[in-house]
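Shown next, in structure tokens, is the structure this report addresses.
Residue numbers (the working numbering), protein chains in the order written: chain X, 1 to 363; chain Z, 1001 to 1363; chain R, 2001 to 2363; chain Y, 3001 to 3363.
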């Protein structure tokens, strides 16, 4: 656009390109195109448009959160941009419902002509997964092949480069681990929390041991259950155990970062923790939104191409269902609830700590 | 794509064009672009993508329904394609919710640079309205100007041409008016329906006149209300009245077509009327979906640019709210409910008519 | 429930009562009930359940926000509870879509037996409107009658009492008007904002007057438009004009409160304004959600009972459409966007003001 | 209600009971109730209200479809009622999103007081699963216990009785197996379909065997994949294999019913197959809707109570995720797509068969 031209809606939005890019393969060679191929193309283009937007927000949020320290006004921006992605996600799910109006029989009209193109080749989706923080080692493999195996060289390089770039999980971990309030003056959250947990567990153990109405079999069962529950807490206080779980991919955050997330979620009403808590919630929503997207994708594939078992013993929808569970990134944040204490048991924050968490101006 | 190349997802979907077409005006001249302009551009591009898909389905449905007679297998296709648009509409509404994450202040970062581009310049949206059957004479005017006044010459011509093309309302009217069952052998639906209506109204009048518990003031009120109710039915049986309403834009369908729609909705359980009824329902859903879209648009404009009163005494969101009410096309189908009779009062279909409405094969 | 009984899901939820309360009038007297009356009853009960929840949140938010001053931890709670209502609202809209699966003909199977019961008798809905802050004088009247005219005495009294209780609009106004940062030490937001506005307007006027490429007709038009724009700003700085608009119902907030809302929305990135801004946004969402609810209701009534014109010259759906526009409560917050200034024009906050808006602890 | 009383909205809807049934356990003994327990109770009551409505529709659909033969007007009714449940399902998913506004910490305020009440005790949900056709033998077990193990005697009996009642899967199977068009005069769909499949497979095999560009390793791989594909078709033509799969729970429909469903989905455009196809589609939507419900439930449990590993080695959300996959009922209908043939390969229906599938009246 020349700077002297008045802005025109059609040109500003590049509609010649956007609306001129639907090339129906079923209509090549002068044939009448399959009516539903248009829906197939447009829906996938809409997915990719929104993936671009998601990457735009994701990269910006990562960049903002990577500052050390993060300037206060940027915190609201990070949360706002993550929440925007969360607002986009229902669109993606709904788009699968639209695509489901293409019946299996209508898909067959052009499906064979697409081979070997496949949604597995969506570079932007893989970029999203990488920048979210899905470690390459945690990816499901398909027939033993890498997730880049069917991509062009240029796209493969782009994805490999992204594996070395900062991730949302990574910058979150660093930012959490720096939380000043974990140890603040005389206050040691770790110790205070541990005290409460141990007291609670001890009380529970005594209740079981001294309950006269339990026969020995039930008492044994309850004690076993109690031991399991105790072991859930152990890694919180034992770095070695934690790091072992992390090496197995069962934990993603560092122990320090996890503790900080716990502190934030327990004392979220203090002014200085409000936005950090909002961020943690937004990240849970974000992960959940992508899970809903993967589940919707799995259902669509099941109904549109059926359950044909592939040579590798897997079918498309089963792979996608499995990915919906395994490719979650912020599972540690979901698991925070496991370690919550009832408000009335919470260690009280010392007054000077609370004061530091407040605004300078007080009404 | 050369026919010898294997199909590649990125190329098939034209992603070089689709993902390369976001040109942020705020970033021109080497400036740092306004972050939210990307959302603004991508959302509008997504609208236009779906508008293209909607036109694709709409034009196909019009073409199918324009056949005389419409071959049976095409009927299912028409309904399916209208229902697909209905499945797309919630996406459009949801996209406004996404765009609402752009705050007024963020919009101000680039809003002035867009002038005079405007959503009023969406050619595809105007095409949708025209092909739906919105008569140019029913359009709200903005400051006295035509809806094409801010468009390029090429786009103006495209819209003017579309005003002469078949519309969904038009082909629906012709198809309804041909309904064979309105008069079938000895059966005259019009006469049978009128008989029932007149008997019901007569009974209602006598109830009011003879009710001993009414004093004269209330009786007068009830008789006035009754007369209003009677007058609602008159145009159904009086072509002159009907055509007068139609000339004023208060009715859109021909009298004959409206009667046929009434018959279909009253006897929808007969096999031959099942799909026609489904079509009428889908058209009501379709109109409602566009109304929801316009309402969502009005709300978004209100919250993003406020209620600044323009020179013409109108503001953006007030225009859009008014259009949401005035630009509905299939209001006659909404109004069908006004003329429904309780099932137990319905004139019974003669056996030979019911038989003709059934499948040849009977279980 | 006896305290010694173990808690049982069915009893805890009162399911004997909840699931035993569907009494189909069409099934009275031993008749076979109309199948769809169950949907009609259940949907309305679900509406009322959610209305109860909305009132629970609304009353709590009003109570919290009525504190002077509002303790910091309560602010997050207020926002959270308003946002919860916003999460409930799409349920209400979706419930109308479910009810729309009851066709007009199916409704006729039992509709006459419901007379004179009507959704206008929903006491909880009227309570919600009153507690939101809809002034009784702004209510649309139906046939000249009060909104309580068809209610029992007990319900009428309950509504009349609610008219005297604190409203969300009312406590918001008081809380906004107390905002300390409007005038803070040497800083006077009002004066600073006014300076910028006047400078901008003066610059705009000179541009029009001195533009050599305008002929006199166009220059006159542009100056007229400019004057209109100027007049939009006047009431902000002139209490008399403001109060006159308020007396006409065109403004709902006090001038002081509106100014504070403007300050919050312009400097939202300062830590102390983050939650207040979030609150304003939530209130806009809340109003918009009820508007969407009313619009969905209007559409449902239109398709289910048609456009029959009542004795008062109004039809159900037209009343509801009008209410969707007139019964909005927080229109002032929508209109804030009218008075926004581009970030680069914003008066800078003095350093000591910014400091007071920050946390005591600084990283 | 006395028959002489005018109908009153509040009484008609039983609002004294519905709105009086929220008894907050956290508020017992004169304590201040936990604010969020109201949301917990209301949301669960809303679930149960909708479960009642779903059962109402489900039972009616089962009853209608159990007729032999099903009278034509009932077919539309069956589809309509299934589609109504499909319209209700998004409400259920959305209700989980509302419940997710209750944070883990807020839940802890009253969670312990609910023990041992649990959503696993929802009798109506179990009834829905049973009447859908989930065989008791296919249910996931929890710690080895029956799904009735934590229910009252009365509820256990009600569920056991429901296991003997007709199921939607059961009446569908019987209705499909009676489809007249599988063998009609000289036409044998089974044989015609088999011919086409065998010809296609033979052609595929020859292509692989004779392709000069394949080296022996790749040819071997492709032939293996081809064999797997062939084996997928075998059970269609071999009742013993089919029944073996059915005994393992891998197939739910009888072979005859599955074939009929295949015929319906391949020739869906014939008038007499239109509604049957619509039914099959609605059943896929129905199953998918419950899957989405279970997935949303799993996510909610994960975020609200975390991933605490129970004594049985399972956690709540993992059980629910597994159920989302294993408790689907109409998987056979999803799998139909596996056996679809491209339209151009479809055996043509003989003219007399097509005629029998048409309406008696022809335009």
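Note that beta-carbon positions come from the ideal geometry of N, C-alpha and C, so glycine has one too.
Please classify residue i: is it buried, with 16 or more other beta-carbons within 10 angstroms of its beta-carbon, or exposed?
i	result
residue 44(X)	buried
residue 248(X)	exposed
residue 3(X)	Reliability of the predicted coordinates at residue 3(X) is poor, the pLDDT of 44 falling under 50, and the value obtained from them is presented with this limitation in mind. Under this definition residue 3(X) is an exposed residue.
residue 1313(Z)	Caution applies to residue 1313(Z), whose pLDDT of 46 falls short of 50 and renders its modelled position unreliable; the value that the coordinates give is listed next. Looking at its Cβ environment, which holds fewer than 16 other Cβ atoms inside 10 Å, residue 1313(Z) is exposed.
residue 2149(R)	exposed
residue 3006(Y)	exposed
residue 2176(R)	buried
residue 2054(R)	buried
With a Cβ-Cβ cutoff of 7 Å, do residue i and residue j count as a contact?
i	j	result
residue 3184(Y)	residue 3353(Y)	yes
residue 2411(R)	residue 2262(R)	Only positions 2001 to 2363 of chain R appear in the structure, and residue 2411(R) is not among them; the question remains open.
residue 3099(Y)	residue 2052(R)	no
residue 1392(Z)	residue 1130(Z)	Nothing about residue 1392(Z) can be read from this structure; chain Z reaches only from 1001 to 1363.
residue 1296(Z)	residue 1093(Z)	yes
residue 3196(Y)	residue 3345(Y)	yes
residue 2008(R)	residue 356(X)	no
residue 3329(Y)	residue 3133(Y)	yes
residue 1284(Z)	residue 2303(R)	yes
residue 1301(Z)	residue 1327(Z)	no
residue 1336(Z)	residue 1265(Z)	yes
residue 2258(R)	residue 2194(R)	no
residue 1235(Z)	residue 1245(Z)	yes
residue 1255(Z)	residue 1242(Z)	yes
residue 3046(Y)	residue 3121(Y)	no
residue 2294(R)	residue 2323(R)	yes
residue 260(X)	residue 182(X)	yes
residue 3278(Y)	residue 3079(Y)	yes
Nearest to residue i by CA position, among the options, is which residue?
i	options	result
residue 109(X)	39(X), 86(X), 144(X) and 9(X)	39(X)
residue 50(X)	124(X), 119(X) and 31(X)	124(X)
residue 2347(R)	2199(R), 2009(R), 2275(R) and 2059(R)	2199(R)
residue 3158(Y)	3350(Y), 3128(Y), 3138(Y) and 3111(Y)	3128(Y)
residue 1174(Z)	1030(Z), 1062(Z), 1328(Z) and 1335(Z)	1062(Z)
residue 3035(Y)	3080(Y), 3111(Y) and 3084(Y)	3111(Y)
residue 165(X)	136(X), 182(X), 145(X) and 147(X)	136(X)
residue 57(X)	1048(Z), 1233(Z), 1082(Z) and 1102(Z)	1102(Z)
residue 3253(Y)	3037(Y), 3331(Y) and 3027(Y)	3331(Y)
residue 3059(Y)	3037(Y), 3282(Y), 3082(Y) and 3070(Y)	3082(Y)
residue 2282(R)	2305(R), 2334(R) and 2250(R)	2334(R)
* Asked: So does the segment 9-24 of chain X actually touch the segment 1004-1018 of chain Z, counting three or more Cβ pairs closer than 8 Å?
  -> yes
* Between the segment 155-171 of chain X and the segment 62-72 of chain X, do at least 3 Cβ pairs fall closer than 8 Å? -> yes
* Asked: Residues in the segment 3085-3098 of chain Y with C-beta within 7 Å of chain R's C-beta atoms, listed in sequence order?
  -> 3087, 3088, 3090, 3091, 3094, 3095, 3097 and 3098
* According to a CB-to-CB cut-off of less than 9 Å, which residues of the segment 1007-1023 of chain Z neighbour chain X? -> 1007, 1008, 1009, 1010, 1011, 1012, 1013, 1014, 1015, 1016, 1017, 1018, 1019, 1020, 1021, 1022 and 1023
* Asked: Between the segment 270-289 of chain X and chain Z, which residues of the former have CB atoms less than 8 Å from a CB of the latter, in chain order?
  -> none
* Between the segment 2331-2357 of chain R and chain Z, which residues of the former have CB atoms less than 8 Å from a CB of the latter, in chain order? -> 2331, 2334, 2335, 2336, 2337, 2338, 2339, 2340, 2341, 2342 and 2343
* Give a yes or no on contact between the segment 67-83 of chain X and the segment 2264-2273 of chain R, applying the rule of three or more CB pairs nearer than 8 Å. => yes
* Asked: Is the segment 1280-1291 of chain Z touching the segment 1083-1091 of chain Z in the sense that three or more CB pairs, one from each, lie closer than 8 Å?
  -> yes
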